[in-house]
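Okay, structure first, notes after.
There are 2 protein chains.
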Amino acid sequence: MELKTAFPRTRKPRTLEWACAIHGGAGAIPLTTPEETVKRYREALAGILAGGIELLSDGAAAIEVVEALVTAFEDNELFNAGRGAVYTSDARHELDAAIMDGLTGRSGSVAGVRRVRNPVRLARAVLDSHDHMFYAGEGADRFAETRGLDLVENGYFDTAHRYRALCEARGHGTVLLDHDQGYGTVGAVVRDRTGNLAAATSTGGMTNKAPGRVGDTPLIGAGTYAANGLAAVSATGRGEAFMRHMVAYDLCARIRYCGTALEDAAHDIVMNEMKAGDGGIIAVDHAGTIVMPFNSPGMYRAAADSSGDLIVAIWDSPEPTSGTR
Amino acid sequence: MELKTAFPRTRKPRTLEWACAIHGGAGAIPLTTPEETVKRYREALAGILAGGIELLSDGAAAIEVVEALVTAFEDNELFNAGRGAVYTSDARHELDAAIMDGLTGRSGSVAGVRRVRNPVRLARAVLDSHDHMFYAGEGADRFAETRGLDLVENGYFDTAHRYRALCEARGHGTVLLDHDQGYGTVGAVVRDRTGNLAAATSTGGMTNKAPGRVGDTPLIGAGTYAANGLAAVSATGRGEAFMRHMVAYDLCARIRYCGTALEDAAHDIVMNEMKAGDGGIIAVDHAGTIVMPFNSPGMYRAAADSSGDLIVAIWDSPEPTSGTR
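Chain order of the listed sequences is A and B.
The first sequence begins at 79 in the working numbering and counts up one residue at a time.
The second sequence begins at 79 in the working numbering and counts up one residue at a time.
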């Protein structure tokens with residue numbers, strides 16, 4: 079399995095049964111981060127990935143797996159999505175998410191969600207509605223009510239570490255991407271046993287962001303895209319850069335129109351087209367090849383495929399885990 | 079000037095000084111529409127286009143011209159944008175708009191706007207803010223307040239003909255795209271004298287739509303995109319189709335990656351990739367070539383360039399106006 083963040087040079091000769099990658103945000107994660115904190119992130123990533131591996135081994139559909147993976151991130155307060163989301167400038171939480179099914183081309187997006195425990199599940203409900211494809215603001219919460227989703231008070235998303243980050247950001251008069259300058263968005267991409275692709279992304283956005291601000295996460299083609307035969311992509315980083323370059327769709331366009339290999343296309347977009355520090359992407363193609371390039375100092379990430387390879391990493395070099403399988 | 083809706087076969091040999099196209103929505107506009115109504119639409123299109131021609135002749139920048147053109151559409155109650163916008167299912171108006179500058183790659187998007195007279199001006203203010211790129215819901219209106227934009231009560235957007243359409247839609251229990259099954263979105267694309275491109279789009283969405291529903295209009299890459307050297311694009315039609323295919327960006331990707339001519343790329347996307355009835359696009363490339371393909375029975379549209387050519391059309395064949403210039 080080629081999971082290097084730099085330009086991958088080796089490729090597997092055959093199509094894999096299934097493949098799966100997740101990210102928990104990119105950014106300037108300090109190499110001096112306390113070992114205990116690093117351990118918590120690693121364990122969280124490994125635990126979330128393990129859930130996806132189990133589902134994929136059992137033959138679950140790609141769209142189900144990306145929803146389950148991102149739901150697990152949203153329920154973990156370490157990450158800036160669902161519980162643990164950052165605060166807006168008015169000390170509330172507004173959550174964005176998107177999900178796309180590479181088989182049908184259908185997608186669901188939500189922005190500015192305030193009362194839904196798992197925004198990615200709401201995005202999935204939008205996808206399944208076969209009606210609209212994007213809900214924003216109060217209308218998104220109202221749609222959730224009609225679908226019987228798990229509703230919470232906005233205070234459910236409160237965490238002390240994010241509130242401290244808001245106070246700091248207010249003190250500096252800045253809009254911060256995360257308490258540690260990481261971007262914190264979470265996402266998942268999957269190729270299932272039948273060859274179907276899917277992608278999902280979820281975020282609390284930027285600390286001290288203006289109410290109503292929407293980033294790239296819920297925007298199909300920018301932060302999230304999936305098309306069978308091409309690739310499934312989820313991005314994390316400066317939303318504006320991903321919107322300008324339409325990064326998720328552009329990766330698929332290069333594969334489709336230029337016949338470029340996933341590794342080459344992803345490398346060129348992240349390392350040459352985007353600016354250093356913008357962030358990164360995770361992507362999987364129809365053959366099960368996984369890439370996770372980023373141009374920020376670190377990106378919380380993990381991946382596994384049916385060959386038995388598994389990796390959990392934060393900084394530049396992939397660091398194999400002690401192995402749960 | 080090649081402005082045919084079918085596959086254009088002639089091309090101008092040289093780069094034009096400036097070129098400009100506008101649309102006022104695509105859809106099943108009945109050929110039996112009363113002559114008086116047709117005349118009003120033609121006059122409105124010709125009048126709005128004339129404003130753009132004057133600006134471009136005076137050397138105005140593309141980004142200024144698309145903003146002015148779409149503002150004029152928004153102020154005209156014939157079109158489903160700004161005043162004259164359709165009603166949501168709770169009998170209010172929620173407006174979406176986007177604008178993109180092909181020179182800088184910057185864009186501004188707004189969704190679910192309720193109190194801003196000209197949503198495209200708000201989108202422009204977002205673009206100019208050099209901060210966030212997309213605001214949705216109440217946060218968009220609040221951002222407008224901080225920028226000193228013209229605010230109105232939601233009732234300003236009321237018109238009798240759109241209210242009748244809401245009553246009809248409620249009677250049928252359907253979400254209608256327009257009172258006459260046209261889609262009503264408006265847009266403009268421009269190449270200015272310096273070769274810069276820009277695009278803008280604005281809409282009231284669909285009659286009887288759920289509050290919070292966002293279509294393709296404000297989504298950069300779906301309904302709106304502009305990149306110098308490639309093309310400026312604005313779409314109108316079934317938002318979901320434009321989101322799935324990332325139509326506006328895809329047109330630019332085909333030019334960039336395949337070297338396809340604007341006419342060929344636009345034709346293939348609208349006539350082959352999309353389904354009949356989905357709608358249409360207007361686009362202009364770096365040489366000033368204009369295309370306006372659509373796969374619905376009609377599309378309100380008009381275009382002009384510095385060669386002196388000018389056209390105003392609704393159905394399949396381009397019908398030259400009596401000529402105001």
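C-beta: ideal position from N, C-alpha, C; glycine also.
Since the model is a prediction, treat every value here as computed from it, not as a measurement.
Under 8 Å Cβ-Cβ, which residues of chain B neighbour Pro-289 of chain A? The answer, in chain order, is Glu-216, Gly-217, Arg-220.
Within this structure, are the beta carbons of Asp-168 of chain B and Val-191 of chain B separated by less than 9 Å? Going by C-beta atoms, Asp-168 of chain B is not nearer than 9 Å to Val-191 of chain B.
DSSP state of Asp-258 of chain A, grouped into three classes? Below a pLDDT of 50, predicted positions are generally treated as unreliable, and Asp-258 of chain A, at 46, falls in that range; the measurement from the model is reported next regardless. It is coil, neither helix nor strand.
Rounding to the nearest angstrom, what Cα-Cα distance links Ile-100 of chain A and Asp-270 of chain A in this structure? Taking the straight line from one Cα to the other gives about 14 Å.
As an exercise, report each continuous beta strand (DSSP E) stretch of at least 3 residues that is fully enclosed by the stretch 265 to 326 of chain B, in chain order. Within the stretch 265 to 326 of chain B, the complete beta strand (DSSP E) runs of at least 3 residues are 275 to 281, 302 to 305, 309 to 315.
Once you ignore the five residues that flank Asp-383 of chain A on each side, which residues in its own chain have a CB closer than 6 Å to its CB? Here the set comprises Met-79, Leu-94, Ala-97, Gly-366.
Assuming contact is defined by CB atoms lying nearer than 9 Å, are Ala-201 of chain B and Gly-186 of chain B in contact in what I supplied? When the beta-carbon positions are compared, Ala-201 of chain B and Gly-186 of chain B come within less than 9 Å of each other.
Asp-107 of chain B, DSSP secondary structure in three states: Checking the sequence, you will find Ile at residue 107 of chain B rather than Asp. Residue state, collapsed to three classes: coil.
Just reading off the alpha helix (DSSP H) that Gly-130 of chain B is part of, what are its end residues? For Gly-130 of chain B, the enclosing alpha helix (DSSP H) has its first and last residue at 113 to 135.
With a cut-off of 8 Å on the beta carbons, I'd call Thr-281 of chain B and Gly-262 of chain B a contact; round off their distance for me. Between Gly-262 of chain B and Thr-281 of chain B the Cβ distance is about 7 Å, and since that is below 8 Å, they are a contact.
Just reading off the beta strand (DSSP E) that Ala-380 of chain B is part of, what are its end residues? Looking at the DSSP string, the run of the beta strand (DSSP E) that includes Ala-380 of chain B is 376 to 383.
Taking a contact to mean a Cβ-Cβ separation below 9 Å, would you say Tyr-213 of chain B touches Val-292 of chain A in this structure? Yes; because the gap between Cβ atoms is below 9 Å, this pair is in contact.
Who are the Cβ neighbours of Ala-343 of chain A in its own chain at under 7 Å, not counting the five residues just before and after it? Excluding positions up to five away in sequence, the list reads Leu-329, Arg-332, Ile-333.
In terms of residues, what are the limits of the beta strand (DSSP E) holding Val-148 of chain A? Not the beta strand (DSSP E): Val-148 of chain A falls in the alpha helix (DSSP H), residues 140 to 152.
If you draw a straight line from the C-alpha of Ala-277 of chain B to the C-alpha of Asp-294 of chain A, how long is it? A straight-line Cα-Cα distance of about 20 Å links Ala-277 of chain B and Asp-294 of chain A.
Chain A partners of Tyr-297 of chain B, CB-CB under 7 Å? In the sequence as displayed, the identity of residue 297 of chain B is Leu instead of Tyr. Against chain A, the beta carbon of Leu-297 of chain B has neighbours under 7 Å at Leu-297, listed in chain order.
Where does Leu-229 of chain A land, buried or exposed, given buried means 16+ other C-beta within 10 angstroms? With fewer than 16 other beta carbons inside 10 angstroms of its own, Leu-229 of chain A counts as exposed.
Determine the direct distance from the alpha carbon of His-210 of chain A to that of Asn-232 of chain A, and round the result to whole angstroms. Approximately 25 Å, taken between the alpha carbons.
For a cutoff of 9 Å on Cβ pairs, would you count Leu-94 of chain A as touching chain B? Not closer than 9 Å to any Cβ of chain B, the Cβ of Leu-94 of chain A fails to qualify, so no.
For Ala-241 of chain B, name the three-state secondary structure that DSSP assigns. Here residue 241 of chain B turns out to be Tyr, not Ala, going by the sequence shown. DSSP, read as helix, strand or coil, puts Tyr-241 of chain B in helix.
Simplified DSSP state of Tyr-213 of chain A, which is helix, strand or coil: Three-state result, Tyr-213 of chain A: strand.
Would you mind stating whether Asn-274 of chain A and Leu-181 of chain A have Cβ atoms separated by less than 9 Å? Here Asn-274 of chain A is near Leu-181 of chain A, since their CB atoms are less than 9 Å apart.
Is there at least one Cβ from chain A nearer than 9 Å to Tyr-378 of chain B's Cβ? By this cut-off, Tyr-378 of chain B is not an interface position.
Measuring straight from C-alpha to C-alpha, what distance separates Ile-311 of chain B and Gly-299 of chain B? Per the sequence shown, residue 311 of chain B should be read as Val rather than Ile. In a straight line, the C-alpha of Val-311 of chain B is about 9 Å away from that of Gly-299 of chain B.
Pick from B:Leu-205, B:Val-267, B:Arg-322: whose alpha carbon is nearest that of Glu-26 of chain B? The requested residue 26 of chain B does not occur in the structure, where chain B is confined to residues 79 to 403.
Assigned secondary structure, Ala-71 of chain A (DSSP; H/G/I helix, E/B strand, else coil): Residue 71 of chain A lies beyond the range of chain A shown here (79 to 403); nothing can be said about it.
Verify the CB distance criterion: does Glu-231 of chain A have a CB-CB separation below 9 Å to chain B? No, its Cβ sits nowhere closer than 9 Å to a Cβ of chain B.
My output table needs one value for Gly-355 of chain B: the three-state DSSP class, helix, strand or coil. Note: Gly-355 of chain B maps to coil in three-state DSSP.
Please list, in chain order, all residues of the same chain as Gly-355 of chain B whose beta carbon is under 6 Å from its beta carbon, the five residues on each side excluded. Cβ within range, chain order: Ser-374.
Taking the continuous alpha helix (DSSP H) assigned at Val-204 of chain A, which residues delimit it? From DSSP, the alpha helix (DSSP H) with Val-204 of chain A extends over 197 to 206.
Give the single residue among B:Val-144, B:Arg-199, B:Ala-106, B:Glu-114 whose Cα lies nearest to the Cα of Thr-304 of chain B. It is Ala, not Thr, that sits at residue 304 of chain B in the sequence shown. It is B:Val-144 whose Cα lies nearest to the Cα of Ala-304 of chain B.
Between which two residues does the beta strand (DSSP E) carrying Leu-388 of chain B extend? Residues 388 to 391.
Based on the DSSP secondary-structure assignment, which residues constitute the bridge partners of Ala-97 of chain A? Beta-bridge analysis with DSSP links Ala-97 of chain A to A:Arg-269, A:Asp-383.
Against Arg-332 of chain A, what residues of chain B qualify as contacts under a CB-to-CB distance less than 9 Å, listed in chain order? Those are Ala-331, Tyr-335, listed as they occur along chain B.
Pick helix, strand or coil for Ala-159 of chain B, following the three-state DSSP scheme. Coil at Ala-159 of chain B, not helix or strand.
Neighbourhood of Gln-225 of chain B by C-beta distance below 6 Å, restricted to the same chain and skipping five residues each side: For the record, residue 225 of chain B in the displayed sequence is Arg; it is not Gln. Taken in chain order, the residues that qualify are Ala-203.
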